[in-house]
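Note sheet for the following structure.
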Amino acid sequence: MLAAEGLTRGDVAVESSGTAVVAAGRAGASIAQDAESGCIAAVLGRPRWTNPEAADVAALRGDAAAAIAHYRRHGHGLLADLHGSFALVIADPRSRKLTLAVDRSGAERLCFARVGPLLVFSTSARSVARHPAIAAPVNRQALFEYLYCHMVPSPDTAFAGVEKLLPAECLELEGTSAARRHYWHLAYDTGGADDDEASKRRFIELVQQAVARQNDVRPTGAFLSGGTDSSTVSGMLGRIAGKPADTFSIGFDAQGFDELEYARITSKHFGTRAHEYYVTPDDVAEAIPLIAAAYDEPFGNASAAPTYFCAKLARENGIEVVLAGDGGDEFFGGNARYAKQGVFEHYHGLPSALRRVVEPLILNFPLGASLWPVRKAQSYVRQARIPLPDRLETYNFLHRDPLQEIFEADFLAGIDPDRPLALMREAYFRCASPEPVERMMHLDHKFTLADNDLRKVSRMCEAAGVEVRFPFLDDDLVAFSGTLRTDRKVSNGRLRVLFKDALRGFLPDETIAKSKHGFGLPFGVWLDSHGPLQALANDALASLAQRGIIRPAYLERLREAHASGHASYYGVMIWVLVQMELWLRHNA
Numbered sequence: 017m018l019a020a021e022g023l024t025r026g027d028v029a030v031e032s033s034g035t036a037v038v039a040a041g042r043a044g045a046s047i048a049q050d051a052e053s054g055c056i057a058a059v060l061g062r063p064r065w066t067n068p069e070a071a072d073v074a075a076l077r078g079d080a081a082a083a084i085a086h087y088r089r090h091g092h093g094l095l096a097d098l099h100g101s102f103a104l105v106i107a108d109p110r111s112r113k114l115t116l117a118v119d120r121s122g123a124e125r126l127c128f129a130r131v132g133p134l135l136v137f138s139t140s141a142r143s144v145a146r147h148p149a150i151a152a153p154v155n156r157q158a159l160f161e162y163l164y165c166h167m168v169p170s171p172d173t174a175f176a177g178v179e180k181l182l183p184a185e186c187l188e189l190e191g192t193s194a195a196r197r198h199y200w201h202l203a204y205d206t207g208g209a210d211d212d213e214a215s216k217r218r219f220i221e222l223v224q225q226a227v228a229r230q231n232d233v234r235p236t237g238a239f240l241s242g243g244t245d246s247s248t249v250s251g252m253l254g255r256i257a258g259k260p261a262d263t264f265s266i267g268f269d270a271q272g273f274d275e276l277e278y279a280r281i282t283s284k285h286f287g288t289r290a291h292e293y294y295v296t297p298d299d300v301a302e303a304i305p306l307i308a309a310a311y312d313e314p315f316g317n318a319s320a321a322p323t324y325f326c327a328k329l330a331r332e333n334g335i336e337v338v339l340a341g342d343g344g345d346e347f348f349g350g351n352a353r354y355a356k357q358g359v360f361e362h363y364h365g366l367p368s369a370l371r372r373v374v375e376p377l378i379l380n381f382p383l384g385a386s387l388w389p390v391r392k393a394q395s396y397v398r399q400a401r402i403p404l405p406d407r408l409e410t411y412n413f414l415h416r417d418p419l420q421e422i423f424e425a426d427f428l429a430g431i432d433p434d435r436p437l438a439l440m441r442e443a444y445f446r447c448a449s450p451e452p453v454e455r456m457m458h459l460d461h462k463f464t465l466a467d468n469d470l471r472k473v474s475r476m477c478e479a480a481g482v483e484v485r486f487p488f489l490d491d492d493l494v495a496f497s498g499t500l501r502t503d504r505k506v507s508n509g510r511l512r513v514l515f516k517d518a519l520r521g522f523l524p525d526e527t528i529a530k531s532k533h534g535f536g537l538p539f540g541v542w543l544d545s546h547g548p549l550q551a552l553a554n555d556a557l558a559s560l561a562q563r564g565i566i567r568p569a570y571l572e573r574l575r576e577a578h579a580s581g582h583a584s585y586y587g588v589m590i591w592v593l594v595q596m597e598l599w600l601r602h603n604a
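Rendered as structure tokens:
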């Protein structure tokens with residue numbers, strides 16, 4: 017039996033043939049129960065049905081009713097017709113079946129745990145962990161993965177025994193058996209992509225359609241960093257609405273971090289109603305505890321802070337829905353490392369016999385360490401010899417020192433230090449394309465986008481009281497990216513080749529020419545001189561040193577390195593550690 021109203025207050029219980037299911041979710045779910053079949057469904061997010069009958073039912077009776085109707089006709093085939101952002105649960109008590117699924121991009125999430133015949137699931141890992149039947153402790157393995165990745169990568173969570181679904185994944189239970197599977201993979205079919213002009217026109221059409229789908233009758237605005245993605249969304253929103261878009265931008269009074277100049281160029285170009293806010297060190301000191309408390313798992317992306325203040329600025333100006341540009345990099349070739357790794361891949365194009373001769377000559381060259389050209393050649397060969405995707409983590413902070421010098425022995429003995437890379441390899445090689453660039457983009461879809469950027473933006477917008485939507489995650493636009501040849505994404509060091517070619521004339525020339533900057537926070541720089549930030553960080557690191565996770569000597573060395581003139585670099589890891597300690601205070 018299901019208390020259908022329960023999901024809006026946080027609890028749903030289902031019992032079928034001896035299997036009990038308990039769910040916790042957030043307000044606004046579409047919930048339905050079919051009296052004839054006994055099927056129950058709950059849907060979160062903004063789903064879009066491509067099946068006309070299901071779309072009609074959804075319009076009349078809601079998405080949950082549409083899910084039940086489609087499930088009764090097509091079974092799990094309903095996922096092929098369900099698009100947009102969603103978290104879906106369907107319980108079929110008479111057949112003893114239960115399905116959990118999330119959308120293709122991972123914009124929505126579902127976490128779950130099983131204990132005997134009981135399944136507990138929620139959009140929050142913490143909610144699952146705190147259910148009396150689960151009572152899951154903090155997952156120490158996940159803490160290591162967090163320090164490696166600066167977030168906890170799916171399918172793991174910060175709580176032992178609690179898992180989360182990956183993008184485009186479903187969990188299917190039948191009786192006492194359970195299986196996870198991916199119901200969708202991005203198809204790479206470049207057979208019809210030779211007409212470059214047609215591809216550019218199609219791209220523009222799909223971007224405009226994607227923004228139109230995410231526009232709302234409620235007051236809607238756009239984040240504007242000045243990069244290509246946010247600039248495109250801002251310009252398209254104004255075109256679709258037929259009036260200047262409200263745009264929201266964040267600045268920093270710190271050299272090398274402020275991009276307001278480019279946001280202003282875009283705003284002037286499109287005539288947007290620009291709203292700006294300069295984040296201060298005091299703002300960050302105030303926000304750090306809020307950020308740690310907001311996430312159900314430790315989250316170490318420092319740009320959560322400016323994201324929160326940008327969303328707060330939108331809410332203060334009457335905006336209820338904000339459009340974000342996340343996703344363009346991962347589907348159209350925008351990350352700088354795609355070009356950089358191509359340089360190393362050229363090495364593998366050399367005949368293996370030649371490499372066997374060249375490698376010892378370069379790596380063992382006399383006095384090589386004292387000669388800059390030789391040092392560069394040695395570094396190149398050493399990195400090129402590491403296969404992808406492992407090579408992407410060459411400069412990971414946890415590779416700088418032996419793990420025995422970073423972690424306490426008891427902690428290290430209880431974890432698998434190879435798991436983060438194993439998860440990356442799994443995502444990398446699951447890609448249907450053999451091209452390294454496509455595989456890196458597939459990896460970034462999972463790690464950089466779904467587990468990191470979408471969590472960052474969605475949670476901070478929720479904390480600020482606005483709803484965020486992601487036009488570049490539109491399923492039609494994502495599918496189109498798979499039809500483009502690799503060289504229309506990355507070619508000879510150029511990033512976003514077709515993307516930029518198509519938008520030339522629409523975007524300002526300065527935006528097209530701009531190199532990728534990112535949305536960084538000058539935390540490490542400010543930590544050098546800002547008393548409240550120093551006090552907060554020192555207090556958190558002192559507490560963390562007592563937890564038996566990180567060696568106190570390593571924490572002291574880290575603080576000394578930060579103070580020695582590498583503030584921005586070492587500040588990243590200090591932020592990650594501070595966020596973990598503050599999160600543990602709420603959850604351990």
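For the sequence shown, our numbering begins at 17 and goes up steadily by one.
Quick reminder that beta carbons are idealized off the backbone N, C-alpha and C, glycines included.
Contacting residues, own chain, Cβ-Cβ under 8 angstroms from Arg77 (five flanking each side not counted):
Ala48
Between the CA atoms of Ser545 and Pro305 - distance to the nearest angstrom
20 angstroms
Who are the near neighbours of Ala318 in its chain, counting only those whose CB is closer than 6 angstroms to its CB and skipping five residues on each side?
Leu537, Phe539 and Trp591
At what residues does the alpha helix (DSSP H) containing Glu336 begin and finish?
No alpha helix (DSSP H) contains Glu336, which DSSP labels as neither H nor E.
What does DSSP give as the partner residue(s) for Gln49 in the beta ladder?
The partner list for Gln49 (beta bridge, DSSP) reads Ile56.
Output the boundary residues of the alpha helix (DSSP H) element that contains Leu86.
Reading off the sequence shown, one finds His at residue 86, where the question assumed Leu. Here the alpha helix (DSSP H) through His86 covers Asp79 to His90.
Use the C-beta contact count for Ser386: other C-beta atoms within 10 angstroms, 16 or more gives buried, fewer gives exposed.
exposed
If you compare alpha carbons, which of Ser449, Gly547 and Leu511 is closest to Thr499?
Ser449
According to DSSP, which residues form a beta bridge with Glu572?
BP columns for Glu572 are empty, so no partner.
Under the rule that 16 or more other beta-carbon atoms within 10 Å means buried, what is Ile402, buried or exposed?
exposed
Hey, could you find the ends of the alpha helix (DSSP H) Thr248 is sitting in?
Thr244 to Ala257
On the criterion of 16 or more Cβ atoms from any shown chain inside 10 Å, does Asp119 qualify as buried, or is it exposed?
Buried, since its Cβ has 16 or more Cβ neighbours within 10 Å.
Secondary structure, alpha helix (DSSP H): runs of 4+ residues fully inside the stretch 248-325
For the stretch 248-325, the continuous alpha helix (DSSP H) assignments of 4+ residues that do not extend past its boundaries occur at 276-286 and 297-310, in sequence order.
Distance, Leu189 Cα to Ala6 Cα
This structure leaves residue 6 out entirely; the chain is present only between 17 and 604.
Identify the residues that DSSP records as bridge partners of Gly100: which are they?
Pro63.
Given a cut-off of 8 angstroms on the beta-carbon distance, is the pair Arg165 and Val144 in contact?
First, the amino acid is wrong: residue 165 is Cys here, not Arg. For Cys165 and Val144, no; Cβs fall outside 8 angstroms.
With distances taken between CB atoms, is the gap from Ala117 to Gly61 smaller than 8 angstroms?
no
Any contact of the stretch 158-177 with the stretch 424-437, i.e. 3+ C-beta pairs under 8 angstroms?
Judged by Cβ distances under 8 angstroms, the stretch 158-177 makes contact with the stretch 424-437, as three or more pairs qualify.
Give me, in chain order, the residues of the same chain whose beta-carbon lies closer than 6 angstroms to that of Ala443; leave out the 5 immediate sequence neighbours on both sides.
Cβ within range, chain order: Leu459 and Lys462.
Look up Lys180 in the DSSP assignment and say whether it is helix, strand or coil.
strand
Could you check where the beta strand (DSSP E) with Phe239 kicks off and where it finishes?
Thr236 to Phe239
Considering just the uninterrupted stretch of the beta strand (DSSP E) at His198, what are its terminal residues?
Note, His198: beta strand (DSSP E), Ser193 to His198.
Near Val541, which residues of its chain fall below 6 angstroms by C-beta distance, leaving aside the five closest residues on each side in sequence?
Ala270, Ala583 and Ser584
Using three-state DSSP, classify Ile106 as helix, strand or coil.
In the structure shown, Ile106 sits in a strand (DSSP, three-state: E or B).
Which residue spans inside the stretch 452-476 form an unbroken alpha helix (DSSP H) run of at least 4?
452-460
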